[in-house]
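In the numbering used here, the protein residues as written are 6 to 460.
Cβ coordinates follow ideal geometry from the N, Cα and C atoms, glycine included.
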């Protein structure tokens, strides 16, 4: 994602030349002094306070690294403007049609940490991460229709796109200001990334696009894996921390609610736990509202999610009023299980998509997560729970607008989810419908079906 937006990674080379890729040892570790590492491993509030970033006086000049290295030099951040950013400025320089300011329900209630599983916020990213799936695309009109339906269902956040990445998403946020109701606009979230390396935050065009979107909530992606930082982003570990801090601080001061998607968090936690905690601390020090732990490659197992989530939630519980969330991918078929395990371990936000659409094998399926939390985990507070009977209809509505054939075997919402064929099963169902059903299908707006066959 960052490579798409940034000319600096990898470095620009002339035509016909050979790119020289910096070699980094596979086990690159954070460049800390031993005393700083000992401080990080302590769980006391005094230690965390000592570890915190010192507030900066300017967001234009690059701050001195928190942990300096003799191999790294501190330079002023140039005011860079790339030619290919012009369309972003053009899109958001258009008249705003007098749209009223809208704040999210979470902002109106004041900042507070949400702790799962008793309370869970539902964050839908169908219109952003979901559209990264193969053969999945939505027009701006369709995005507006799906937004209205999601808002009616009662999800807490609707991540409708990345306004700094393409004209269609920029158009959506411009039209949303006048075509959506205040209640619908209050749920909108705009996606983006941290500022670019070597670009001042107030000069970063896609950061400005987040502000100009006027979405009450923004969610920015940040690297949380030390190897990803040094070898993929090609930044120093300190630079990445500064990019997180600068971006969160700048957006928070603008009045938007800020969440950070910590990309590759669980893989990074296994590789270099200390650095993932530093990424969390950088965002917390800058005033973040929530941190989303991402299983970006989809390779984590439920017990790994449980251990890491519980550790992080407990580590910051006494010192930070921050909601932790989960963003899982389904490459091992574990996205739903991992999301529920994270909620059971204290995550107060679950990100996912309707019908599990998304890149590669998809994202965590909210059509499975939401009813499982409501009916099996017994989550007491979830804003869409009272509308649970609408979830099957919602699933089919989204498939229809996206030109997708519904998965008949989908849990809860599929047409076969409560279909019974075997004679032994059907005989038992005659005595009690719950003999071969885990819930009453009407609770999720579906129906029981008995199939005629030779069995």
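With respect to the 7 Å criterion, residue 325 and residue 269 are not classified as neighbours on the basis of their beta carbons. At the C-beta level, residue 287 and residue 264 stay beyond 7 Å of one another.
Looking at the DSSP output, residue 312 sits in no beta bridge, so it has no partner there.
Minimum Cα-Cα distance from residue 189 among the listed residues 257, 149, 357 corresponds to 149. Just so you know, the alpha carbons of residue 381 and residue 157 end up roughly 23 Å apart. Under the three-state reduction of DSSP output, residue 445 falls in the coil class, being neither helix nor strand. Shortest Cα-Cα distance from residue 460 to any of 275, 390, 365, 429 involves 429. The DSSP-derived three-state label of residue 362 is coil. In the structure shown, the three-state DSSP call for residue 437 is coil. Ranked by Cα distance from residue 260, the options 223, 405, 336, 248 are led by 223. Of the candidates 271, 323, 395, 427, the residue whose Cα lies closest to the Cα of residue 308 is 271.
Three or more Cβ pairs closer than 8 Å define a contact, and the segment 205 to 212 falls short of that threshold against the segment 236 to 247.
Residue environment for residue 446: buried (at least 16 other C-beta atoms within 10 angstroms of its C-beta). Under the Cβ criterion (8 Å, minimum of three pairs), the segment 128 to 135 counts as touching the segment 355 to 367.
The beta carbon of residue 213 sits closer than 7 Å to none of the beta carbons in its chain outside the five residues before and after it.
Every unbroken stretch of the beta strand (DSSP E) spanning 3 or more residues and falling wholly within the segment 164 to 237 is given here in chain order: 193 to 198, 222 to 228. In this chain, residue 282 is not harboured by any beta strand (DSSP E); it is covered by the alpha helix (DSSP H) spanning 278 to 290. With a threshold of 16 other beta carbon atoms within 10 Å, residue 386 falls short and is exposed. Taking all protein chains shown into account, residue 151 has 16 or more neighbouring C-beta atoms within 10 Å of its C-beta and is therefore buried.
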